[in-house]
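Comments concern the structure below.
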Amino acid sequence: MSRPTDLTGMTAVAMADALADGQITSVELTQAHLDRIERLNPALNAFLLVDAVGALATAADVDARRAAGEDLPRLAGVPIAVKDIACTQGLATTAGSKMLEHFVPPYDATIVTRLKDAGLPILGKTNMDEFAMGSSTEHSAFGPTHNPWDLERIPGGSGGGSSAAVAAYLAPLAIGSDTGGSIRQPASVTGTVGAKPTYGGISRYGVIALASSLDQIGPCARNVADAALLHEVLGGHDPMDSTSIDAPVPPIVAACDTRDLTGVKIGVVKEVGEDGFQAGVLTRFHEALGHLRDLGAEIVEVSCPHFVYAMPAYYLILPSEASSNLARYDAMRYGLRVDPGGSPSAEQVMAASRDAGFGEEVKRRIILGTYALSSGYYDAYYGQAQKVRTLIAGDLAAAFEQVDVLVSPTTPTTAFKIGEKIDDPMAMYLNDLTTIPANMAGIPGMSIPSGVAEEDGLPVGIQILAPAMADDRMYAVGAALEARLAQAQGGPVLDHAPEIEVKA
Ligand code: GLN
């Protein structure tokens, strides 16, 4: 995307400043985004639902309060997009599934309440792989989202809608959810920033569950400082979520002023290797390591011998938890109900509804999960995978004894073509090779753009992992590297992609 010249081209920080200074109003800013959504969303399919009335009402309210001299939160008036996995009172919340196509939640997720309390107009709900299962948004029941850098390519998944919206300047900020990489991988392939906090760092109350021991909510943005501001709005203890950490959010906004990494030790995991990584991705990664060295950091090779087992263990743990979480879609209480005809039993209604309501990938994982949890196989599959998970967490803990953060490419390749991997689940799963370990260990991870690959001109992301509760350290390294890359490239990497062509 080339940067738009109107209000939508600003950073969220600049928008917040311009609002605070009275240079622009939130209604103007929100309307500019709504106009851009109207023009470009038909080509992108990033938004499943646009709430112009609600967004403008919040904007007008913020403008009135500001005019009355009220002291407002920093992001008040800056619009945002929300992944369609978070419940929004009165607004359809589908999780990308036919099962919930007509589900209108009676309450807000805590993160949505926090956005409202902070005065961010909610532009709408973004597209995603069904129940957040996928790496391309092609598993959405409502059609794929297209990557703004090349409309024939995927924007990543499961949160492709949020990342595409941010990359295409349809929204300065968005919410994502990350169970195995669904914030970081879409960020990587759309040239945006995405962060998954420490497990428990942001409330999941009212967020549709995929795999509860792995799921986290996090910010999507176009730069690290914008992501940090949003992270601080979302973060902090929530008594409604039993996994929510009862401690202050680490000072991540302040960490974004870091420009010098002298004395910081940065680890590269030996076992990640270079096999299966696209040449242009590796070039950008090695270049980023050079920049980190120039900033004063020391690059150290570390060993995480069980890292390579993270993906197979994840594909037992995730389906097991998902099969249990998705058992609630029983066609009795809410969601789709299909009448199979005759005088059906409850089981027959359930079967017909699940058959019609769930897509292929969701069915695949439910079957896998129920199998892995079945008595007789539980120890061999689920139990074994949990042991592997403990070993991975141990590897990471040992690595963080030696280094402050770990870095890797976020994804093995740049954005692939729509349709290329849809029939090959293994190829699809391999996209999350480097992102999954963070979810397994509950540690924070983020992806920031590190330029484009020479062979295809598409964005490449670099991932930064930090120990649990050290989210601020991750932001510090991200902000320093981002500033250095911008200096080296003469401007943010995002500004280089071609403008989307809108067919008349
Ligand atoms: N792509 C991964 C999967 O399909 C991650 C999903 C996610 O983080 N929600 O499971």
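If you count the sequence shown from 1, position 452 lands on 448 in my numbering, and the numbers rise without skipping.
Backbone N, C-alpha and C define an ideal beta-carbon position, used for all residues, glycine too.
The three-state secondary structure of Met465, taken from DSSP, is coil. The count of Cβ pairs closer than 8 Å, one atom from the stretch 411 to 419 and one from the stretch 434 to 448, stays below three, leaving the stretches out of contact.
The DSSP-derived three-state label of Glu294 is strand. In the three-state DSSP reduction, Thr4 falls in the helix class (H, G or I). In this structure the stretch 276 to 291 does not lie against the stretch 312 to 323, because fewer than three pairs of beta carbons, one per stretch, are closer than 8 Å. Beta-bridge partners of Arg149 (DSSP): Lys413.
When Ala12, Ile460 and Asn143 are compared, the shortest CA-CA separation from Asp400 is found for Ile460. Here Tyr311 is buried, its C-beta having at least 16 other C-beta atoms within 10 Å.
In this structure, Ala128 has its beta carbon less than 7 Å from a heavy atom of the ligand GLN. Per DSSP, Phe396 is one residue of the alpha helix (DSSP H) stretching across Gln380 to Gln398.
Short note on Asp80: C-beta not closer than 7 Å to any heavy atom of the ligand GLN. For Leu314, the distance from the CB to the nearest heavy atom of the ligand GLN is below 7 Å.
In this structure, Phe303 keeps its C-beta atom at 8 Å or more from the C-beta atom of Ile418. A distance below 8 Å separates the beta carbons of Phe138 and Asn123.
Ala347 and Asn37 have their C-alpha atoms roughly 35 Å apart. Out of Thr1, Leu25 and Asp2, the CA that lies nearest to the CA of Ala12 is found in Leu25. Beyond the five residues adjoining it in sequence on each side, Val108 comes within less than 6 Å, by CB distance, of Ala82 and Thr84 in the same chain, given in chain order.
With a cut-off of 7 Å, the C-beta of Leu206 is classified as near the ligand GLN, since at least one heavy atom of the ligand falls inside that distance.
The count of Cβ pairs closer than 8 Å, one atom from the stretch 195 to 206 and one from the stretch 446 to 459, stays below three, leaving the stretches out of contact.
A straight-line Cα-Cα distance of about 10 Å links Val49 and Gln27. DSSP, read as helix, strand or coil, puts Leu230 in helix.
Asp174: member of the beta strand (DSSP E) spanning Leu169 to Asp174, first to last residue. By the C-beta criterion, the stretch 211 to 224 is judged to be in contact with the stretch 473 to 480, since at least 3 inter-stretch pairs fall below 8 Å. Taken in chain order, the unbroken stretches of alpha helix (DSSP H) that lie wholly in the stretch 421 to 469 and span 4 residues or more are 421 to 425 and 432 to 437.
In the DSSP annotation of this structure, the continuous segment of the alpha helix (DSSP H) that includes Leu111 starts and ends at Thr106 to Asp113. Ser404: member of the beta strand (DSSP E) spanning Val401 to Pro405, first to last residue.
If you check the C-beta of Ser93 against the ligand GLN, you find no heavy atom less than 7 Å away.
Distances taken from the Cβ of Asp428 to the heavy atoms of the ligand GLN include one shorter than 7 Å. In the displayed model, Pro75 falls within coil according to three-state DSSP, outside both helix and strand. The way I'd put it, the stretch 155 to 172 does touch the stretch 112 to 128; three or more beta-carbon pairs between them come closer than 8 Å.
Within the chosen limit of 7 Å, the ligand GLN reaches the beta carbon of Thr175 through at least one heavy atom. Placement of the Cβ of Gly153 at a distance of less than 7 Å from at least one heavy atom of the ligand GLN is found. Closest in alpha carbon position to Glu34, among Pro215, Leu119, Asn143 and Ala14, is Leu119. The closest CA to that of Ala250, considering only Ala482, Arg469, Ala8 and Glu397, is found on Arg469. Under the three-state reduction of DSSP, Gly263 is assigned to strand. In the structure shown, Gln485 falls within a helical segment according to DSSP collapsed to helix, strand and coil.
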